[in-house]
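*Asks:* Pasting a structure below so you can have a look.
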Amino acid sequence: MAAELLLMGGAAASVAGVAVLRLAWARPRRSMSLNSVGWVAILLGCVLAALHSGAWGISLAAMAAMAAALLCLGQAGLVAPAGTVGRASNRRVRMLPEADEPLQLGRRIVTFLIVSVAAALISTGIAVGLRALGLFAGMGEADANVLALAAMPLAWTILGYALLMENTRRAQIKMLLIWAALAAIGLILEVIG
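In my numbering, the protein residues as written are 1 to 193.
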């Protein structure tokens, strides 16, 4: 029974993480602390479920989180008032500038490169480091490889989201450097292992 508590706790932590994220995103201003708590709760849910059932447990925790997100989305859609304002802007969430605004294409390309290419490379380094830690902890090579394959997209998602939440380029670069230092440690562990 105690083992099943890990799986149930993992699912509950994932659902709680979604609820905290919903609360954080409903606020008028960004709350990095609430966002972090939500994502950490989802990560904790995945870890607890993985301790019980490995990759299958992670899948179950992810399904619980997605079900909670679907319920939040459905509830928000049901209670949202119908739009009564005139015709919406053709702006498409600031993807296209209005007639009198500059395109700022260079800034957009740099943001894309930071969030996609740089964050992906750094996340790969973190995943390789987690693989090395798994091997040091006594995992089999196949399990350590699966850990790395699961960690890379998760780290990339978290890092990409955190980068997009930053308001200045300087803060984005600082965050990239911190994560790059973690990735470098991971790569060093892989090389010496």
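Just so you know, even glycine gets a beta-carbon here, dropped at the ideal spot from N, CA and C.
Source: prediction; values computed, not measured.
Under the three-state reduction of DSSP, which class applies to residue 7: helix, strand or coil?
*Replies:* The answer is helix: DSSP assigns residue 7 an H, G or I state.
*Asks:* With 16 as the cutoff for other CB atoms within 10 Å, does residue 75 come out buried or exposed?
*Replies:* Exposed, by the Cβ-count rule.
*Asks:* Measure the CB-CB distance between residue 125 and residue 187 and report whether it falls below 7 Å.
*Replies:* Yes, these two residues count as a Cβ contact at 7 Å.
*Asks:* Beta carbon of residue 14, beta carbon of residue 65: below 7 Å?
*Replies:* Yes, the pair counts as a contact, with Cβ atoms nearer than the cut-off.
*Asks:* Tell me whether residue 115 is buried or exposed, calling it buried when 16 or more other Cβ atoms sit within 10 Å of its Cβ.
*Replies:* Residue 115 comes out buried.
*Asks:* Let me check understanding here. Comparing Cα to Cα, which of 35, 40, 44 and 17 lies closest to residue 6?
*Replies:* With distances taken between Cα atoms, residue 6 lies closest to 44.
*Asks:* Using CA atoms only, rank isn't needed, just tell me which of 53, 144, 161 and 77 is closest to residue 112.
*Replies:* If we check each option's Cα against that of residue 112, 161 comes out closest.
*Asks:* Report the rounded CA-to-CA distance for residue 25 versus residue 141, giving the unit in angstroms.
*Replies:* When rounded, the distance between both Cα atoms is 39 Å.
*Asks:* Excluding the 5 residues flanking residue 190 on each side, which residues of the same chain have their C-beta closer than 8 Å to its C-beta?
*Replies:* So the list reads 128, 129, 131 and 132, once near-sequence residues are dropped.
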